[in-house]
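Residue numbers (my numbering), protein chains in the order written: chain A, 240 to 592; chain B, 543 to 801. Note that CB positions come from ideal geometry on N, CA and C, so glycine has one too. Notes to accompany the following structure.
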């Protein structure tokens with residue numbers, strides 16, 4: 240961290256007067272720190288474009304956790320056993336927690352959660368395309384755990400070494416929980432595939448529907464990925480989209496075999512020469528349509544998110560009004576305030592317990 | 543506890559009692575799950591899921607124990623997924639639809655304080671399983687009291703709108719309060735024997751602790767014109783059948799499957 244510490248400044252050019260400060264020295268120090276695999280921290284100088292890219296990526300990652308709760312929460316009330324229900328509830332809870340970590344990481348870059356949520360709700364920031372597909376049966380919960388969380392982990396493990404410290408540290412925590420969910424999803428599908436003929440068919444159908452959208456989670460092919468080269472140079476990304484996608488396919492094929500399920504790709508076969516599985520062409524038209532907002536659930540997901548936010552506005556306003564009265568009464572004891580509002584309400588709950 | 547006194551209640555009595563408590567927890571958990579992804583803040587999505595998960599944990603222990611003691615050998619899942627609406631024994635309070643956040647917080651406030659007192663008393667149960675569950679659950683429901691209490695105060699003493707909605711929530715929920723404290727032959731016998739708790743003896747303390755929250759919040763204790771009842775005999779509200787249908791849908795679609 241020596242290099243990073245050396246160019247850490249109290250007021251960075253980003254804060255105020257970029258015209259009067261020569262950023263060349265900062266840029267050199269930043270480049271050297273990234274080259275030396277050091278972590279960039281919130282108070283370090285960083286290029287504006289690096290900051291903007293990270294805000295975009297971390298925010299979209301956070302949004303994906305929050306929107307991603309919906310397809311799974313859709314099945315909580317119908318989970319077929321109490322044990323499965325408990326597992327699913329814990330998982331959705333973890334996702335809310337991951338969203339919160341990631342919003343915090345984004346906030347270290349000088350944005351706020353409110354601002355980011357506003358961008359999500361108005362469609363100015365995106366979330367992972369995968370969550371625009373519907374969960375039609377209970378088996379979808381397993382397919383999401385196995386394939387979607389599996390793809391997420393393949394993407395995210397390298398992010399644990401991302402050059403931006405707060406993001407990298409959030410990913411370490413998140414990956415631990417994600418890999419647990421992934422195993423639970425696999426185990427759910429295994430139970431179905433070892434179950435009745437109907438359960439097995441349900442599992443196969445879910446895998447058929449989630450396989451291609453999962454491969455799309457790695458993003459467009461390398462030659463069409465706008466941000467890839469720069470993100471790799473900055474060590475935000477460590478591997479290309481296509482590399483990670485290949486790694487994921489190579490992991491999934493033997494897992495599908497041990498589940499006794501097939502993957503819906505007639506072109507999928509082992510390539511001895513490459514030492515990898517070859518696989519069929521992805522429908523990039525579908526990918527771009529979903530990304531543009533024209534997938535099966537885009538409208539529904541954002542509408543539900545916005546409705547929760549709008550219908551909850553009076554609750555948030557109440558909390559804010561209460562907090563501001565509370566602050567006033569603690570500093571100004573002459574304020575009569577609300578009956579019973581003695582200025583120590585934060586503690587009274589604990590006394591009651 | 544004398545040996546004679548322990549023999550005064552049967553395993554079937556304890557099973558019936560565990561079923562009531564288990565159904566309360568199961569059904570309220572199901573309602574809270576409906577909030578997840580619809581709450582006013584992400585923190586509340588998390589809190590609702592967290593409380594629902596605690597309650598589900600209580601339900602699993604209690605239903606499993608009920609099935610073991612009643613001689614039918616039914617599992618927690620048999621009891622949750624294969625009974626009809628008329629066979630559930632929860633109090634009607636827990637099946638009230640969520641309504642707005644104020645109503646849900648009112649329902650939480652009522653139930654959390656009730657279960658805090660109940661489980662605290664039940665920690666002394668002569669029945670080791672009930673005592674063990676109560677020791678764990680009383681810690682969890684103390685958190686639920688904090689959560690509901692702090693929201694009741696924030697809403698009650700927040701804005702005009704939030705005060706109005708919180709009071710409306712309390713007014714809607716209050717007719718269902720009395721049933722929680724109803725005494726009957728079963729709970730009196732269990733209480734006398736040291737196995738269970740007659741909820742009637744918790745009412746005064748409940749009035750006091752909930753009353754303190756409402757007064758801090760500047761809210762009024764409602765005086766309802768009617769009182770709900772019947773849940774312990776399987777006589778539920780009209781909102782209950784759709785809740786049970788949703789809960790049991792997948793399980794019933796694939797009878798005999800294991801998951």
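Would residue 705 of chain B and residue 711 of chain B be called neighbours here (beta carbons separated by less than 7 angstroms)? Translated into the one-based positions of the second chain, residue 705 of chain B becomes position 163. Translated into the one-based positions of the second chain, residue 711 of chain B becomes position 169. No Cβ-Cβ contact shorter than 7 angstroms links residue 705 of chain B with residue 711 of chain B.
In the stretch 498-569 of chain A, which residue ranges form an unbroken alpha helix (DSSP H) of at least 4 residues, counting only runs that do not cross its ends? 523-528 and 537-550, all fully within the stretch 498-569 of chain A.
State the DSSP-derived secondary structure class of residue 794 of chain B, mapped to helix, strand or coil. Taking the second chain and counting its residues from 1, one reaches residue 794 of chain B at position 252. Three-state result, residue 794 of chain B: helix.
List the residues of chain B that residue 299 of chain A touches, going by C-beta distances under 8 angstroms, in chain order. If you number the first chain from 1, residue 299 of chain A lands on position 60. Per Cβ cutoff of 8 angstroms: no residues; residue 299 of chain A is ~16 angstroms from chain B at best.
Determine the DSSP secondary structure at residue 250 of chain A, reduced to helix, strand or coil. Counted from its first residue, the first chain places residue 250 of chain A at position 11. For residue 250 of chain A, the predicted model reports a pLDDT of 43, less than 50, meaning its position is unreliable and no value from the coordinates is stated.
Starting from residue 410 of chain A and walking both ways along the alpha helix (DSSP H), at which residues does that stretch end? Working through the first chain from its first residue, we reach residue 410 of chain A at position 171. DSSP places residue 410 of chain A in the uninterrupted alpha helix (DSSP H) bounded by 404-432.
Selection from B:750, B:690 and B:789 that minimises the alpha carbon distance to residue 708 of chain B: Indexing the second chain from 1 puts residue 708 of chain B at position 166. Of the candidates B:750, B:690 and B:789, the one whose C-alpha sits nearest the C-alpha of residue 708 of chain B is B:690.
Name, going along the chain, the residues of the stretch 372-401 of chain A whose beta-carbon falls closer than 8 angstroms to a beta-carbon of chain B. Flagged, chain order: 377.
Select from the stretch 639-660 of chain B all residues with a C-beta closer than 7 angstroms to any C-beta belonging to chain A, and list them in chain order. Per Cβ criterion, the list reads 643.
Pick from A:389, A:441, A:287 and A:397 that is closest to residue 420 of chain A, judged by C-alpha positions: Start at 1 with the first residue of the first chain, and residue 420 of chain A comes out as number 181. Residue 420 of chain A has its Cα closest to that of A:389, out of A:389, A:441, A:287 and A:397.
Quick check: what's the CA-CA separation for residue 521 of chain A versus residue 455 of chain A? The sequence position of residue 521 of chain A within the first chain is 282, counting from 1. The sequence position of residue 455 of chain A within the first chain is 216, counting from 1. Residue 455 of chain A has its alpha-carbon roughly 8 angstroms from the corresponding atom of residue 521 of chain A.
Just reading off the alpha helix (DSSP H) that residue 574 of chain B is part of, what are its end residues? For the purposes of this step, residue 574 of chain B is taken as residue 32 along the second chain, with counting starting at 1. Boundaries of the alpha helix (DSSP H) around residue 574 of chain B: 553-575.
Are three or more beta carbon pairs between the stretch 377-392 of chain A and the stretch 406-422 of chain A nearer than 8 angstroms? Short answer: they touch.
Verify whether the separation of the beta carbon atoms of residue 569 of chain B and residue 636 of chain B is less than 7 angstroms. As a working note, residue 569 of chain B is residue 27 in the second chain. As a working note, residue 636 of chain B is residue 94 in the second chain. A Cβ-Cβ contact shorter than 7 angstroms links residue 569 of chain B with residue 636 of chain B.
Euclidean distance between Cα positions of residue 472 of chain A and residue 292 of chain A: Position 233 of the first chain holds residue 472 of chain A. Position 53 of the first chain holds residue 292 of chain A. Rounded to whole angstroms, residue 472 of chain A to residue 292 of chain A spans 12 angstroms at the Cα level.
Should residue 330 of chain A be labelled buried (16 or more other beta-carbon atoms within 10 Å of its own) or exposed? Start at 1 with the first residue of the first chain, and residue 330 of chain A comes out as number 91. So residue 330 of chain A ends up on the buried side.
Counting only Cβ pairs nearer than 7 angstroms, list the residues of chain B close to residue 448 of chain A. As a position in the first chain, residue 448 of chain A is number 209, starting the count at 1. Going along chain B, no residue has its Cβ under 7 angstroms from residue 448 of chain A, so there is no contact; the nearest lies around 17 angstroms.
Reference residue 380 of chain A; option with closest CA among A:346, A:363, A:307 and A:357: As a working mapping, residue 380 of chain A is identified with position 141 in the first chain. Nearest to residue 380 of chain A by C-alpha distance, out of A:346, A:363, A:307 and A:357, is A:307.
Using the Cα positions of residue 463 of chain A and residue 372 of chain A, report the straight-line distance between them to the nearest angstrom. Looking up residue 463 of chain A in the first chain gives position 224. Looking up residue 372 of chain A in the first chain gives position 133. Using only the alpha carbons, I get a separation of about 23 angstroms.
Within 10 Å of its beta-carbon, does residue 578 of chain A have 16 or more other beta-carbons around it, so buried, or fewer, so exposed? For the purposes of this step, residue 578 of chain A is taken as the residue at position 339 of the first chain. With a pLDDT of 42 at residue 578 of chain A, under the threshold of 50, the predicted position of this residue should be treated as unreliable, though the coordinate-derived value follows. Residue 578 of chain A comes out exposed.
Measuring only the C-alpha atoms, how far is residue 490 of chain A from residue 412 of chain A? The sequence position of residue 490 of chain A within the first chain is 251, counting from 1. The sequence position of residue 412 of chain A within the first chain is 173, counting from 1. Distance from the CA of residue 490 of chain A to the CA of residue 412 of chain A, rounded to the nearest whole angstrom, comes to 22 angstroms.
What is the DSSP secondary structure of residue 739 of chain B, reduced to helix, strand or coil? Start at 1 with the first residue of the second chain, and residue 739 of chain B comes out as number 197. Looking at residue 739 of chain B - three-state DSSP - the assignment turns out to be coil, as it is neither helix nor strand.
Local Cβ density within 10 Å of residue 666 of chain B, reported as buried at 16 or more and exposed below that: The count along the second chain starts at 1 and reaches residue 666 of chain B at position 124. Result: exposed.
Does residue 683 of chain B come within less than 7 angstroms of chain A when only Cβ atoms are used? Looking up residue 683 of chain B in the second chain gives position 141. At a cut-off of 7 angstroms between beta carbons, residue 683 of chain B makes no contact with chain A.
Cβ distance (whole Å) where residue 622 of chain B is taken to contact residue 557 of chain B below 8 angstroms: Position 80 of the second chain holds residue 622 of chain B. Position 15 of the second chain holds residue 557 of chain B. Not quite, the Cβ-Cβ distance comes to about 15 angstroms (not below 8 angstroms), so this is no contact.
For a test of the three-state rule: what should DSSP assign to residue 387 of chain A, helix, strand or coil? Counting from one through the first chain, the residue named residue 387 of chain A turns up at place 148. It is helical.
Name the chain A residues that come within less than 9 angstroms of residue 801 of chain B, Cβ to Cβ? Indexing the second chain from 1 puts residue 801 of chain B at position 259. Here the neighbours are 318, 319, 320, 322, 323, 377, 427, 430, 431, 434 and 438.
Who are the neighbours of residue 564 of chain B on chain A, taking C-beta pairs under 7 angstroms? Here residue 564 of chain B refers to the residue found at position 22 of the second chain. What residue 564 of chain B touches in chain A: nothing, since even the nearest Cβ is about 10 angstroms away.
In the stretch 333-350 of chain A, which residues sit with their C-beta less than 7 angstroms from some C-beta in chain B, listed in chain order? Per Cβ criterion, the list reads 335, 336, 338 and 339.
For residue 333 of chain A, is the classification buried or exposed, using 16 other Cβ atoms within 10 angstroms of its Cβ as the cut-off for buried? Your numbering for residue 333 of chain A matches position 94 in the first chain. In this structure residue 333 of chain A is buried. Its beta-carbon is surrounded by 16 or more other beta-carbon atoms within 10 angstroms.
Kindly list the residues whose CB is nearer than 6 angstroms to the CB of residue 702 of chain B, restricted to its own chain and excluding five residues on each side of it in sequence; keep chain order. Residue mapping note: residue 702 of chain B aligns to position 160 of the second chain, counting from 1. Nothing meets the Cβ criterion.
Give a yes or no on contact between the stretch 745-762 of chain B and the stretch 578-590 of chain B, applying the rule of three or more CB pairs nearer than 8 angstroms. Counting C-beta pairs with one atom in each stretch, the stretch 745-762 of chain B and the stretch 578-590 of chain B have fewer than three that are closer than 8 angstroms, which means they do not touch.
What are the residues that DSSP puts in a beta bridge with residue 279 of chain A? The count along the first chain starts at 1 and reaches residue 279 of chain A at position 40. Assignment of beta-bridge partners to residue 279 of chain A by DSSP yields A:403.
Residues in the stretch 661-681 of chain B having any Cβ partner in chain A nearer than 7 angstroms: Within the stretch 661-681 of chain B, no residue has a Cβ that lies closer than 7 angstroms to any Cβ of chain A.
Cut-off 6 angstroms between Cβ atoms - residues of its own chain near residue 600 of chain B, not counting five sequence neighbours on either side: Numbered from its first residue, the second chain carries residue 600 of chain B at position 58. 567 and 679, listed in sequence order.
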